[in-house]
Amino acid sequence: MNPLPLRPDLARDLLLRKQRDQELRHEWATSPRTARSPEVVDRANTEALRRIIAEHGWPGRSLVGPEAADAAWLLAQHADHDHSFQWECLALLGRAARDGEATGQQLAYLTDRCRLNSQVPQIYGTQYIVLDGELVLYDLEDPENLELRRADVGLECFAESDARIRSTHPLTTARPQ
Numbered sequence: 002m003n004p005l006p007l008r009p010d011l012a013r014d015l016l017l018r019k020q021r022d023q024e025l026r027h028e029w030a031t032s033p034r035t036a037r038s039p040e041v042v043d044r045a046n047t048e049a050l051r052r053i054i055a056e057h058g059w060p061g062r063s064l065v066g067p068e069a070a071d072a073a074w075l076l077a078q079h080a081d082h083d084h085s086f087q088w089e090c091l092a093l094l095g096r097a098a099r100d101g102e103a104t105g106q107q108l109a110y111l112t113d114r115c116r117l118n119s120q121v122p123q124i125y126g127t128q129y130i131v132l133d134g135e136l137v138l139y140d141l142e143d144p145e146n147l148e149l150r151r152a153d154v155g156l157e158c159f160a161e162s163d164a165r166i167r168s169t170h171p172l173t174t175a176r177p178q
């Protein structure tokens, strides 16, 4: 049983922001011509996360609970418009993961996202890009040791992850297999 978070007000805010983020992304993925781009929400969420971090540090499990801590990670993950802030979040998230306040999976995803946005090969194989209308795994550093790195942070094997992503991504589900 998880203890109550120290700041349930922050937890509620983060969870509402995550919900809106996911709703907009779903609308955008299913109706890109008519849905609003998530960019406006991403910018507002980034500023909210920046304020929370400035006042409280990384919003980890103790502060906001595991679900809201996951929401904070997602907001950082979607702060693609502010690469320096994403890298700041990565450093904070790394310390949080070492202290048990965040997960290794969150750290892996944000590591790969920061590297993708810096045009550096990813480490854990979590990030995809669209090239010529096809979903493609972004460049990978040291592919021979990918499974070891994924296991170290608690990620499922790459083949299972890749199959799951491809089975649910709108680009791959929109056309017959």
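2 is the number of the first residue of the sequence shown in my numbering; add one for each residue after it.
Using N, Cα and C, we set each Cβ at its ideal position, and we do this for glycine too.
Whole angstroms is fine: what's the gap from residue i's alpha carbon to residue j's?
i	j	result
S162	H170	12 Å
L5	S63	8 Å
W88	S119	10 Å
F86	E145	31 Å
R44	R51	10 Å
R165	E135	16 Å
H57	D143	36 Å
Looking only at its own chain, which residues have a Cβ that is under 6 Å from the Cβ of residue i, when we skip the five neighbours before and after it?
i	result
R116	Q123
C90	A77
H84	N118
Using three-state DSSP, classify residue i as helix, strand or coil.
i	result
I166	helix
Y139	coil
L76	helix
I124	coil
L16	helix
L156	coil
L7	coil
What residues in its chain sit with their C-beta under 8 Å from that of residue i, if we drop five residues either side in the sequence?
i	result
Y125	A109, Y110, T112, D113, L147, R150, R151, V154 and L156
A103	W59, G61, R62, A70, W74, L94 and A97
Please return the same chain residues whose Cβ sits closer than 7 Å to the Cβ of residue i, not counting the five positions on each side in sequence.
i	result
A72	L15, L16, R18 and K19
P60	L11, L15, I53, A69, A70 and A73
V42	R21, D22 and L25
S38	W29
When you compare each of the options to residue i by their alpha carbons, which one comes out closest?
i	options	result
F159	Q128, L76 and D22	Q128
G66	H27, L7, E48 and T31	L7
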